[in-house]
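One structure is given below, encoded as C-alpha cells.
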Amino acid sequence: MHLTLHLTTACSMACTYCYAPPRPGHRMSEAVGRAAVDFGARLNPVNCGIIFFGGEPLLEKPLIRQLVAYARSLQERGLSIFHFKVTTNGLALDEEFLEFAAEENIVIAVSIDGVREAHDAHRVLGDGSPTFDVVQKKLRMLLDARPYSSVFMVVNPDTVRYFSQSVEFLLDLGCRYMIVSLNYAAEWTEDDLRLLEKEYSRLGRQYVKWTEAGRKFYLSPFEVKISSHIKGEDYRRDRCELGARQFSVDTAGYVYPCIQFPAAGPESRFCIGSVFDGVDEDRLRSLHDEAEAPKDPCRDCAIRDRCNHTCACLNWQTTGTITRVSPVLCRHERIITPIADGVAETLYGKRNALFIHKHYNDAYPLLSLLQDTIA
Amino acid sequence: MVEAPEPIDSYPSPAYPLRSAVSEDPSLLSSVPSTWTHVREIMGLVSLSAVLASGCSDKPAAGPSTPAVAPATPDGGSAADSAASADASMVAPIFAHGEGRGAIGCIVMSPPVFLSEDEAMQFVIEELAIAGIDITRKNVAWPEIRIKRRLLEWNVVDGDLHDRIVEVDVDPVPLSMDGVDEQRKVAFEFVSERDYRDLGGPSCMSSVQDYDMRGTASNLARCLREGGTGGHRVGVFYDPVVSAVMSGADRLPDEPWKTYHQRMTAPARAEAKDLLRRQVADFVDWLRQQGAL
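As C-alpha cells, then:
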C-alpha cells in the first residue's frame, strides 16, 4: 500500500487531455502533509511508499522537503522505512532539486508524449504555447543525473501516428522505463484503432530487434501483457484492485481509493475517510467489492484474466461508473495482447537470453544493474 | 465513437511458458546475454539465481543434487569452483520438444517407440554438420564427471501412494560424451533408453519401468554445470519418446510381426526424429547467440 499525496491542484501546464484540470488555490498545508505521513506510517509500519503528485508537485518544492524531512524523522524512530517518488511535467526540475532527490533517493518520473509533434499537440502552457523543447532539455538533465528515471507517455487519437516513432525517440534519448497509456477518454474512431494496431505491430518488431541487439528497456504495454501470461495466477493478484495497493490524499487530507477520485471531492461516495480520522473500512470494502464484481460482458471473455478491465479508476474516468468498461479499453486489450504474445513467442522461441532473464529471473534487475555498474 | 465488441470466445494458449517453468527447469536461466559472460560477479549471481529457482520447486523429479568433480581444463589445470560456476553458462538449456515420458512393462498399453542410441547419435551428428559442427570424436570419456545412480522409491503414507527419487549408494558412473567437435569446442550427449540409468534416470523396482528422459537430461545438464565442461559448450538432448498404438487387430493377414511392428511404429519414429531435430536446431541457435558459431 502506498500513498499518493496531491500537493496542489495548480499546474504550470494546461494539457488538453488532463482528467483533473488545474484549479489554482488548493494546496496541501504542512499540517495536512504531516498527518498524511503519519497516516502512511500507520498503514505501512514496515515499508511506506509516498508519491508526490498534483497538479504539478514541483510547484510545492518546499513542502516536499518538509515532508521528506518529517518522514525521515519518523524513520529514525523506527516507525517505518519511507520511499519517495515524484511525478512531474518537468518544467520546474532544476539542479538543486535533483541534488536533493539524489540525497533522499527520490525517484523522479517525467511526463513527455514523445516526439515534438505528439508532445506539443496536447502538453502546452496555459496560453497554448508548446513545451517540448524545455521538457526535452529537463529530461536530458534528469537522465544524466538519474539514468533509471521513468517517463510517462500518453497516446491520443490525433498523435497515434507518432507512437512508434516517439518510443524510439525516447529510447534513443536514454529512457529505459517507458510507461505508456492511451487517453481512453478521448474519442477514438475505427481508423484511429487500425492505426494503433499498425503502430503496435511496428513496435512489436522493434521490441524484438532491440532485445536481440541487447538493448535493455521497459515498455509498459508489452511488459504488462507478457507478464499477464508468464505470471499466471500471480498476475491476477498483482493487477489493479481498488483500494488494495494505494490511497490518494487530496490537498485537504481526504482519502480516496485511487488517483482519479480526488476530483470527485469529499462529498462523493469515493471519499473513504481522512488522514486525521482514518479510513471507513465498510465504505472501502463496499467500493472494492463493487469494482471487483464480475462485469458483463467481460465475465465470458477469454482474455479477462489478462485484461485491465478491473481498473476502477479508468472505468470511472471513461464511463462515469466503476463497473462499466470503456469500449476503447476493450479494443486496446484485444489489439495489444496477441501482438505482445507474438513478440514473446518469437524471443522465447529463439531462446533469447536477455528476454528470458528479463521475464523469468527474479534477480534480473540486480543483474542488469550490476552489468551497467561494472561496464 | 467505437462500439463495445462481443467477448472473445477463445484465445490460444501462448507458446511461451509460465514463470513456474524456471523452477521445473532452472537450466532455462543458464543461457545468458553475451555481454554478461565476461563479468564474473554476474555469472556467479546467475548460477545462484538458477539454484534458488530450483530450490523453490515442489517437484520431486529433480531429485537430490548429484555431486560431480570438475574435469581438467584444457591447459591441464584443475577446474576450481569458480571455473565451474563460469562453466555453468557453457551448458545449454534443455530444449523441450517432446515430453520424453513413457513406460514399458506388464500393464502398458501404448508402448513407447525409443530411438536407438546409434540411430539418434547419427541423426544428431548429421543435423549438427549442417550448421558446420564437425563431430570428429564419438563416445569420448569424461571420467571426472560421475553420475550417481538413482531409484524411484514408492511409499504408502496414510493410504496415499507417494514417490520420490533417491540416490543409490553404489559407484557413480563416469560420463562418456556421445560426440565432440574439438575444434569448435562443442559436445553433446543424447539420453537414450540404453543409457537412461547410467545417466541418472531413476530405476523402478517393479514390473513397469517408467522413463522420464527430459528430467534425466535436466539432471545430467545440472551435473555438467556443477562439474564443469572444460571449456566445451554442451548440448544435452533426449529421446522425445512418442508412443505407438498396436493392438494387433490391425495386423494384415499373414503379415510378419516384425513388419507389422515396423509399419505401426514408423509414424512415431518419424515424429520423434522431428522433435529431436527441433532440439538440435534450438541448440544451434543457442550456440549462435553465445557467439560460438
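Protein sequence lines correspond, in order, to chains C and D. Quick note: the first sequence, position 243, residue 243 per this note's numbering, numbers continuous. Quick note: the second sequence, position 38, residue 38 per this note's numbering, numbers continuous. Positions of the beta carbon are idealized from the N, C-alpha and C atoms, including for glycine. Being a predicted model, the structure only gives us computed values, none of them experimental.
### Query
Quick one: complete alpha helix (DSSP H) runs, 4+ long, within the region 310-373 of chain C?
Correct list: 312-319, 327-349, 353-360.
#### Entry: N-terminal and C-terminal residue of the beta strand (DSSP E) that H6/C is part of
Taken as a continuous stretch (DSSP letters only), the beta strand (DSSP E) holding H6/C covers 2-6.
### Query
Do E193/D and D239/D have their C-beta atoms within less than 8 Å of each other?
Yes, the pair counts as a contact, with Cβ atoms nearer than the cut-off.
### Query
So P240/D is in the alpha helix (DSSP H); what residue range does that whole segment cover?
The continuous stretches of alpha helix (DSSP H) do not include P240/D, and DSSP gives it neither H nor E.
### Task
Would you list the one or two residues that DSSP bridges to G253/C?
In the DSSP output, where bridge partners are listed per residue, G253/C has none listed.
### Message
Using the Cβ count rule (16 or more neighbours within 10 Å means buried), how would you classify P12/D?
### Response
Result: exposed.
#### Entry: Residue closest to H83/C, alpha-carbon to alpha-carbon, out of G232/C, I64/C, E104/C
Nearest C-alpha to H83/C: E104/C.
### Task
Determine which residues of the region 304-333 of chain C have a Cβ less than 7 Å from any Cβ of chain D, and write them out in chain order.
Residues P327, V328, C330, R331.
### Message
Across the region 271-289 of chain C and the region 299-311 of chain C, are there enough close Cβ pairs to call them in contact, namely three or more that are closer than 8 Å?
### Response
No contact exists between the region 271-289 of chain C and the region 299-311 of chain C.
### Task
Taking I8/D as the query, report the chain C residues whose CB atoms sit under 8 Å from its CB, ordered along the chain.
Neighbours of I8/D on chain C, chain order: C301, A302, I303, R334.
### Query
Name the residues in the region 65-79 of chain C whose C-beta lies less than 9 Å from a C-beta of chain D; which are they?
Result list empty, no residue passes.
#### Entry: Counted within 10 angstroms of its Cβ, other Cβ atoms place A84/D as buried (16 or more) or exposed
Summary for A84/D: the model assigns pLDDT 44, below 50, so the residue's position carries little reliability; its value from the coordinates is reported in the next sentence. Burial call: buried.
### Task
Please work out which residues of its chain come closer than 7 Å, Cβ to Cβ, to L275/D, disregarding the five sequence neighbours upstream and downstream, and give them in chain order.
Correct list, in chain order: H97, G98, P240.
### Task
On a CA-only basis, which of D277/C, V275/C, V255/C, F276/C is nearest R269/C? Give me that one, please.
Of the candidates D277/C, V275/C, V255/C, F276/C, V255/C places its Cα closest to the Cα of R269/C.
### Query
CB A69/C to CB F222/C, shorter than 8 Å?
Going by C-beta atoms, A69/C is not nearer than 8 Å to F222/C.
### Message
Is there a C-beta anywhere in chain C that falls below 8 Å from the one on M1/D?
### Response
For M1/D, the answer is yes, since a Cβ of chain C falls inside 8 Å of its Cβ.
### Query
Name the DSSP bridge partner or partners of W142/D?
BP columns for W142/D point to L175/D.
### Query
With 16 other CB atoms within 10 Å as the buried threshold, where does N183/C fall?
Looking at its Cβ environment, which holds 16 or more other Cβ atoms inside 10 Å, N183/C is buried.
### Message
According to DSSP, simplified to helix, strand and coil, what is T159/C?
### Response
Here T159/C carries a coil assignment [DSSP, helix/strand/coil].
### Message
Does chain C have any CB closer than 8 Å to the CB of K59/D?
### Response
Caution applies to K59/D, whose pLDDT of 36 falls short of 50 and renders its modelled position unreliable; the model cannot decide the point.
#### Entry: Contact the region 226-235 of chain C vs the region 270-279 of chain C: 3+ CB pairs below 8 Å
Short answer: they don't touch.
### Query
Is it a yes or a no for the region 138-148 of chain C touching the region 162-175 of chain C, going by three-plus beta-carbon pairs under 8 Å?
Touching, yes, given that three or more Cβ pairs across the two stretches are closer than 8 Å.
### Query
For A35/C and chain D, any beta-carbon pair shorter than 8 Å?
At a cut-off of 8 Å, the C-beta of A35/C has no neighbouring C-beta in chain D.
### Query
DSSP state of S65/D, grouped into three classes?
Here the model assigns S65/D a pLDDT of 32, short of 50, so the residue's position is not dependable, and the following value carries that caveat. Looking at S65/D - three-state DSSP - the assignment turns out to be coil, as it is neither helix nor strand.
### Query
Can you check whether the CB of N139/D is closer than 8 Å to the CB of S176/D?
Yes, the pair counts as a contact, with Cβ atoms nearer than the cut-off.
### Message
Any beta carbon from chain D within less than 8 Å of I339/C's own beta carbon?
### Response
It does not; no Cβ of chain D falls within 8 Å.
### Message
Contact criterion: CB-CB distance below 8 Å. Does S294/C meet it with respect to chain D?
### Response
According to the sequence displayed, residue 294/C carries Pro and not Ser. No - not a single Cβ of chain D is within 8 Å of the one on P294/C.
### Message
Residues of chain C with CB closer than 7 Å to the CB of R101/D, please, in chain order.
### Response
Under the 7 Å cutoff, chain C gives no residues; its nearest Cβ is about 22 Å from R101/D.
#### Entry: Same chain, Cβ closer than 7 Å to E271/D, five either side skipped, listed in chain order
Contacts found: V242.
### Message
Would I94/D and V236/D qualify as a contact pair, given that the criterion is a beta-carbon distance under 8 Å?
### Response
Contact flag set, yes.
### Query
How is the beta strand (DSSP E) around E189/D delimited, first residue to last?
Residues 186-191.
### Query
D120/C: which of A109/C, S150/C, D158/C sits nearest, CA to CA?
Nearest to D120/C by C-alpha distance, out of A109/C, S150/C, D158/C, is D158/C.
### Query
Which residues in chain D sit within 8 Å of P297/C, going by Cβ to Cβ distance?
Residues of chain D with a Cβ closer than 8 Å to the Cβ of P297/C are, in chain order, A4, E6, P7.
### Query
G354/C touches chain D at which residues, Cβ-Cβ below 8 Å?
A small fix is needed here, since residue 354/C is Leu in this sequence, not Gly. Ordered by position in chain D, the residues that pass the 8 Å Cβ test against L354/C are P33.
### Message
Run through chain D and tell me which residues come within less than 9 Å of W210/C, C-beta to C-beta.
### Response
None at all; the shortest Cβ gap to chain D is about 13 Å.
### Beta bridge counterpart(s) of A109/C as assigned by DSSP
Note: A109/C sits in a beta bridge opposite T87/C, S150/C.
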